[in-house]
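S.K.: Attaching a single structure in structure tokens format; questions to follow.
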Amino acid sequence: MARVTNLATMTPAGRTRSWRIFAWILIAPTVIGMLLFTVVPIIGSLLLAFFRWDIMSAPEFVGLQNFAEAVSSPTVRVSFLNTIAFVVVAATLQLGIALMLAVLVQEKMPNWLRVFFRSVFFFPLILSAASVSIFMSYLFNEQFGVVNWLLSLVNIPAVPWLTTSSGSAAVIILVYVWQNFGFSFLLFLGGLSSIPKDMYEAAELDGAGGWGKLVHVTMPLLSPTTLVASVMAVINALQVFDQPYVLTRGGPGDSTRTAVMVIFESAFQKLEFGLASAIGLILMILIMFVTYIQFRLSRRFVFYQ
Amino acid sequence: MTTLVTSRKQRRERHSGSIGRVIFLLTCALLTLGPVLWTLSTSLRPPGEAFDLPPQFLPLNPDFSSYTGVFEQIDMLRLVINSALVTGLIAVGQMVSAAMAGYAFARLEFRGKKWIFALILATMMIPVQVTIVPVFMLVRGMGLADTLLALIIPAIPTAFGTFLMRQYFMGIPAELAEAAQIDGASPWQTFRSIYLPLAMPGMAIVGVLAFNYHWNEFFRPLIMTISEENFTLPLGLVTLQGNMGTGSISVVLAGVILSMIPAFIVFLFGQRSLREGLTAGVSK
Chain A
1 MARVTNLATM TPAGRTRSWR IFAWILIAPT VIGMLLFTVV PIIGSLLLAF
51 FRWDIMSAPE FVGLQNFAEA VSSPTVRVSF LNTIAFVVVA ATLQLGIALM
101 LAVLVQEKMP NWLRVFFRSV FFFPLILSAA SVSIFMSYLF NEQFGVVNWL
151 LSLVNIPAVP WLTTSSGSAA VIILVYVWQN FGFSFLLFLG GLSSIPKDMY
201 EAAELDGAGG WGKLVHVTMP LLSPTTLVAS VMAVINALQV FDQPYVLTRG
251 GPGDSTRTAV MVIFESAFQK LEFGLASAIG LILMILIMFV TYIQFRLSRR
301 FVFYQ
Chain B
306 MTTLVTSRKQ RRERHSGSIG RVIFLLTCAL LTLGPVLWTL STSLRPPGEA
356 FDLPPQFLPL NPDFSSYTGV FEQIDMLRLV INSALVTGLI AVGQMVSAAM
406 AGYAFARLEF RGKKWIFALI LATMMIPVQV TIVPVFMLVR GMGLADTLLA
456 LIIPAIPTAF GTFLMRQYFM GIPAELAEAA QIDGASPWQT FRSIYLPLAM
506 PGMAIVGVLA FNYHWNEFFR PLIMTISEEN FTLPLGLVTL QGNMGTGSIS
556 VVLAGVILSM IPAFIVFLFG QRSLREGLTA GVSK
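Top to bottom, those sequences are chains A and B. Going by the numbering used here, the residue at position 13 of the first sequence is 13; the numbering climbs one at a time, nothing skipped. Here the numbering used here runs 305 ahead of the position in the second sequence, where the first position is 1.
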């Protein structure tokens with residue numbers, strides 16, 4: 001009986017039709033989920049940005065007032081400036097450290113040692129940023145922390161890490177980079193391993209030393225990886241939240257408040273959902289703009305083989 | 306002849322440089338592991354000695370009182386169960402839905418396929434913070450406010466997972482399906498018994514990535530859950546730290562170490578999948 005039905009569906013028309021229905025069934029969960037939890041919310045966010053709404057009362061249309069408020073509010077402005085400063089410093093450090101370590105690990109060494117280094121530098125990526133921030137807050141404790149104890153060994157007086165603006169910013173950057181450099185490191189390691197060996201041999205024949213090979217072979221051939229790694233590092237850093245939330249709650253003052261922290265606070269502490277949406281959209285535009293600039297710059301500096 | 310001489314000279318130079326290089330890398334490795342080792346050894350010291358200096362990096366006389374302490378101070382068991390439920394269901398949901406959609410996009414023909422796939426890829430660019438307010442409203446409207454389902458359901462559709470599975474299915478020869486159809490296999494049978502078993506490694510990557518992300522997630526649980534009985538581990542631990550001040554930090558650190566164990570197991574056995582997943586889509 002089953003055999004007969006199968007033979008019937010073997011005719012081209014019946015077959016394609018049942019396959020087409022099958023395809024729709026397969027994509028349904030993902031497509032419906034995407035529409036419901038990403039497409040509808042992004043449209044919702046766009047609309048909400050023009051309303052004042054605190055959940056309790058009915059939403060009230062206010063035009064561009066939320067955007068005006070976002071731009072004029074000192075807290076929002078400081079938070080965006082903090083975020084940009086954070087991105088510049090943290091992404092530069094993250095990429096610099098990752099590139100240096102990847103080049104060093106890629107050089108000749110026993111394979112077990114390379115696997116060891118790769119695993120160690122990868123390790124912080126599996127931890128939760130919240131947990132990392134918890135133990136780092138103890139390590140950076142002014143009186144009892146290990147960091148100040150280590151500094152005292154070389155006669156550096158105790159640094160007030162988490163009670164001053166500059167100290168807090170430094171801790172957040174260090175903790176963030178400590179946890180995330182491994183990701184860029186992995187990308188660079190992948191990029192380095194795909195550079196053909198004969199490129200180096202050719203450079204050696206031309207009399208290039210270690211530095212010459214790095215500048216004339218590694219860097220140009222690695223530039224596509226560098227582009228992707230920097231785009232990803234910048235996008236992730238623009239969304240920093242967990243570390244400043246757990247380590248400083250944005251303080252002292254507003255000195256370590258970030259863009260995502262003001263979105264969170266506007267929406268879920270002050271119940272200003274329209275304002276939060278407006279700030280969120282500004283952040284999204286910033287992210288897209290930075291990505292666009294990076295790809296534009298890449299046309300000049302990235303060397304594709 | 307000249308090449309031989311150069312290469313020997315080069316080798317000598319490399320050798321002298323390599324010891325300094327390895328020492329430097331070992332120092333970096335120590336800086337990476339040091340904070341975690343300190344956390345482990347401090348969690349194994351009696352609470353009163355937690356802040357003793359010089360610090361201990363190796364737990365020589367382990368004391369487990371902080372580990373029993375953390376279960377007394379907070380409902381640690383509840384946090385573990387919540388985290389396991391949320392992470393597990395998201396991971397399984399993502400593996401199944403991404404495998405289904407990935408297969409359709411890789412191997413089946415239907416109207417609008419290109420556009421739908423492009424739309425799915427485009428959603429990857431939208432940061433979670435931008436959609437969180439409407440998602441919160443939506444979940445609230447569905448009557449799921451302050452439940453674990455509020456964390457689970459919105460996280461199941463995965464653009465990146467779908468992309469990954471599509472790539473994976475495109476790597477599996479199409480001839481297999483043709484052979485199966487000649488034998489009279491239905492669309493479902495072709496997918497279920499021929500393609501799905503071959504795609505298991507790809508699904509493992511999706512699962513491990515989902516685990517790593519959602520086990521450690523802090524932002525969404527902070528927003529979506531209100532009662533402590535619905536907290537997940539990272540949120541519970543941050544709350545515990547806030548309540549403790551600098552009181553008995555070894556109890557907090559014991560909680561931190563416990564929360565790391567599942568992630569560490571995945572690191573030991575699934576590191577390769579995790580590495581492949583994290584760097585997928587970057588290297589062509």
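Beta carbons: idealized from backbone N, C-alpha and C, even for Gly.
1) What's the gap between the Cα of V62 (chain A) and the Cα of A403 (chain B)?
2) Rounded to the nearest angstrom, what separates T5 (chain A) and P492 (chain B) at their Cα positions?
3) In chain A, which residues lie with their C-beta within 8 Å of the C-beta of R577 (chain B)?
4) Output yes if chain A places a C-beta closer than 8 Å to the C-beta of L358 (chain B); else output no.
5) Using a threshold of 8 Å, state whether the C-beta atoms of P360 (chain B) and W149 (chain A) are closer than that.
6) Using a Cβ-Cβ cut-off of less than 8 Å, list which residues of the segment 514-534 of chain B approach chain A; keep chain order.
7) With respect to the alpha helix (DSSP H) encompassing N387 (chain B), which residues constitute its N-terminal and C-terminal limits?
8) Name the DSSP bridge partner or partners of E60 (chain A)?
9) Would you say V290 (chain A) faces chain B, with C-beta separation under 8 Å as the test?
10) Any Cβ of chain A within less than 8 Å of the Cβ of S323 (chain B)?
11) Using a C-beta cutoff of 8 Å, does T83 (chain A) count as contacting chain B?
12) Does the beta carbon of G582 (chain B) sit closer than 8 Å to a beta carbon anywhere in chain A?
13) Would you mind telling me which residues of chain A sit closer than 8 Å to I554 (chain B), beta carbon to beta carbon, in chain order?
14) Using a cut-off of 7 Å between C-beta atoms, extract the partners of R326 (chain B) located in chain A.
15) For M447 (chain B), count the other beta carbons within 10 Å of its own beta carbon; 16 or more makes it buried, fewer makes it exposed. Which is it?
16) Give a yes or no on whether the minimum CB-CB distance between G44 (chain A) and chain B is below 8 Å.
17) Please report the Cβ distance between L579 (chain B) and V571 (chain B), rounded to the nearest whole angstrom; I am assuming they are in contact, meaning their Cβ atoms lie under 8 Å.
18) Entirely within the segment 210-287 of chain A and at least 4 residues each: give me those alpha helix (DSSP H) ranges in chain order.
19) Any idea if L186 (chain A) is buried or exposed, counting beta-carbon neighbours within 10 angstroms, 16 or more meaning buried?
20) Counting only the same chain and skipping the five closest in sequence on each side, list residues whose C-beta sits under 6 Å from that of S223 (chain A).
21) Going by beta-carbon coordinates alone, are L542 (chain B) and V561 (chain B) separated by less than 8 Å?
22) Nearest to L514 (chain B) by CA position, among B:L358, B:A464, B:V444 and B:V327, is which residue?
23) What is the DSSP secondary structure of I27 (chain A), reduced to helix, strand or coil?
24) Can you pull the chain B residues whose beta carbon is under 8 Å from the beta carbon of W112 (chain A), in chain order?
25) For chain A, is any of its Cβ atoms less than 8 Å away from the one on I461 (chain B)?
26) Return yes when the Cβ of T248 (chain A) is within less than 8 Å of the Cβ of S168 (chain A), no when it is not.
27) If distances are taken between C-alpha atoms only, which option among B:F362, B:D368, B:A485 and B:L456 comes closest to E522 (chain B)?
28) Hey, is W343 (chain B)'s beta-carbon within less than 8 Å of any beta-carbon in chain A?
29) For E483 (chain B), does the count of other Cβ atoms within 10 angstroms reach 16, so buried, or fall short, so exposed?
30) Determine whether the beta carbon atoms of V557 (chain B) and L540 (chain B) lie at a separation below 8 Å.
31) Assign M400 (chain B) to buried or exposed, taking buried as 16 or more other Cβ atoms, counted over all protein chains shown, within 10 Å of its Cβ.
32) Considering just the uninterrupted stretch of the alpha helix (DSSP H) at N517 (chain B), what are its terminal residues?
33) Taking just the CA atoms, how far does L95 (chain A) sit from S323 (chain B)?
34) So F37 (chain A) contacts chain B; which residues on that side make the cut at Cβ distance below 7 Å?
35) Listing by chain order, which chain B residues have their CB less than 8 Å from the CB of V40 (chain A)?
36) Let me confirm a value: A58 (chain A) is counted as buried when at least 16 other C-beta atoms fall within 10 Å, else exposed. Which label applies?
M.R.: Taking the definition as stated:
1) The residue labelled residue 62 (chain A) in the question sits at position 62 within the first sequence. The residue labelled residue 403 (chain B) in the question sits at position 98 within the second sequence. Approximately 41 Å, taken between the alpha carbons.
2) Counting from 1 along the first sequence, the entry for residue 5 (chain A) is found at position 5. Counting from 1 along the second sequence, the entry for residue 492 (chain B) is found at position 187. Annotation note: pLDDT 43 at T5 (chain A) (below 50); position unreliable, coordinate value reported separately. CA-to-CA, the gap between T5 (chain A) and P492 (chain B) works out to about 13 Å.
3) Indexing the second sequence from 1 puts residue 577 (chain B) at position 272. One finds nothing in chain A with a Cβ atom closer than 8 Å to the Cβ of R577 (chain B); even the nearest lies about 11 Å away.
4) Translated into positions along the second sequence, residue 358 (chain B) becomes position 53. So, interface residue.
5) Within the second sequence, numbered from 1, the residue matching residue 360 (chain B) stands at position 55. Within the first sequence, numbered from 1, the residue matching residue 149 (chain A) stands at position 149. Contact: yes.
6) Here the close residues are N517, W520, N521, E522, F523, F524, L527 and I528.
7) Position 82 of the second sequence, counting from 1, holds the residue named residue 387 (chain B). Looking at the DSSP string, the run of the alpha helix (DSSP H) that includes N387 (chain B) is M381 to R412.
8) Position 60 of the first sequence, counting from 1, holds the residue named residue 60 (chain A). The partner list for E60 (chain A) (beta bridge, DSSP) reads A:R52.
9) Position 290 of the first sequence holds residue 290 (chain A). Interface criterion not met: the Cβ of V290 (chain A) is under 8 Å from no Cβ in chain B.
10) By one-based count along the second sequence, residue 323 (chain B) stands at place 18. S323 (chain B) counts as touching chain A.
11) If you number the first sequence from 1, residue 83 (chain A) lands on position 83. Closer than 8 Å: no.
12) Here residue 582 (chain B) corresponds to residue number 277 of the second sequence, with the count starting at 1. Chain A, which has no Cβ nearer than 8 Å to the Cβ of G582 (chain B), makes this no.
13) For this step, residue 554 (chain B) is matched to residue 249 along the second sequence. By Cβ distance, chain A contributes Y138.
14) Numbered from 1 along the second sequence, position 21 holds the residue referred to as residue 326 (chain B). Result: L104 and E107.
15) Along the second sequence, one-based indexing puts residue 447 (chain B) at 142. When all chains shown are included, M447 (chain B) counts as exposed.
16) Within the first sequence, residue 44 (chain A) is the residue found at index 44, counting from 1. Interface with chain B (8 Å Cβ-Cβ cutoff): G44 (chain A) is included.
17) One-based indexing of the second sequence puts residue 579 (chain B) at position 274. One-based indexing of the second sequence puts residue 571 (chain B) at position 266. The distance from the Cβ of L579 (chain B) to that of V571 (chain B) is about 7 Å, consistent with a contact at the 8 Å cut-off.
18) As far as the segment 210-287 of chain A is concerned, its whole alpha helix (DSSP H) runs of at least 4 residues are 210-213, 219-238, 242-247 and 259-268.
19) On the first sequence, residue 186 (chain A) is found 186 positions in, with the first residue counted as 1. With 16 or more other CB atoms across the displayed protein chains lying within 10 angstroms of its CB, L186 (chain A) is buried.
20) The residue you call residue 223 (chain A) lines up with position 223 of the first sequence. Closer than 6 Å at the Cβ level, and outside the excluded window around S223 (chain A), lie V302 and F303.
21) The count along the second sequence starts at 1 and reaches residue 542 (chain B) at position 237. The count along the second sequence starts at 1 and reaches residue 561 (chain B) at position 256. Between L542 (chain B) and V561 (chain B), the gap from beta carbon to beta carbon is short of 8 Å.
22) Taking the first residue of the second sequence as 1, we reach residue 514 (chain B) at position 209. Each of B:L358, B:A464, B:V444 and B:V327 was checked against the Cα of L514 (chain B), and the nearest Cα belongs to B:A464.
23) Mapped onto the first sequence, residue 27 (chain A) falls at position 27. Under the three-state reduction of DSSP output, I27 (chain A) falls in the helix class.
24) One-based indexing of the first sequence puts residue 112 (chain A) at position 112. Going along chain B, no residue has its Cβ under 8 Å from W112 (chain A), so there is no contact; the nearest lies around 12 Å.
25) For the purposes of this step, residue 461 (chain B) is identified with residue 156 of the second sequence, where counting begins at 1. Taking Cβ atoms only, chain A reaches closer than 8 Å to I461 (chain B), which makes this a yes.
26) On the first sequence, residue 168 (chain A) is found 168 positions in, with the first residue counted as 1. On the first sequence, residue 248 (chain A) is found 248 positions in, with the first residue counted as 1. In this structure, T248 (chain A) lies closer than 8 Å to S168 (chain A) by Cβ.
27) For this step, residue 522 (chain B) is matched to residue 217 along the second sequence. Just measuring C-alpha positions, the residue of B:F362, B:D368, B:A485 and B:L456 sitting nearest E522 (chain B) is B:L456.
28) As a position in the second sequence, residue 343 (chain B) is number 38, starting the count at 1. Interface annotation, W343 (chain B): in contact with chain A, CB-CB separation under 8 Å.
29) Position 178 of the second sequence, counting from 1, holds the residue named residue 483 (chain B). The Cβ neighbour count for E483 (chain B), taken over all protein chains shown within 10 Å, is under 16; the residue is labelled exposed.
30) Here the question's residue 557 (chain B) lines up with position 252 in the second sequence. Here the question's residue 540 (chain B) lines up with position 235 in the second sequence. Contact flag unset, no.
31) Translated into the one-based positions of the second sequence, residue 400 (chain B) becomes position 95. M400 (chain B) counts as buried, since no fewer than 16 other beta carbons sit within 10 angstroms of its beta carbon.
32) Locating residue 517 (chain B) in the second sequence gives position 212, where the first residue counts as 1. For N517 (chain B), the uninterrupted alpha helix (DSSP H) segment begins and ends at M505 to W520.
33) Here residue 323 (chain B) refers to the residue found at position 18 when the second sequence is read from its first residue. Here residue 95 (chain A) refers to the residue found at position 95 when the first sequence is read from its first residue. Cα-Cα distance, rounded: 23 Å.
34) Locating residue 37 (chain A) in the first sequence gives position 37, where the first residue counts as 1. In chain order: V440, P459 and P462.
35) For the purposes of this step, residue 40 (chain A) is taken as the residue at position 40 of the first sequence. For a Cβ distance threshold of 8 Å, residue set P439 and L443 of chain B lies close to V40 (chain A), ordered along the chain.
36) The residue given as residue 58 (chain A) occupies position 58 in the first sequence. With fewer than 16 Cβ atoms within 10 Å of its Cβ, A58 (chain A) is classed as exposed.
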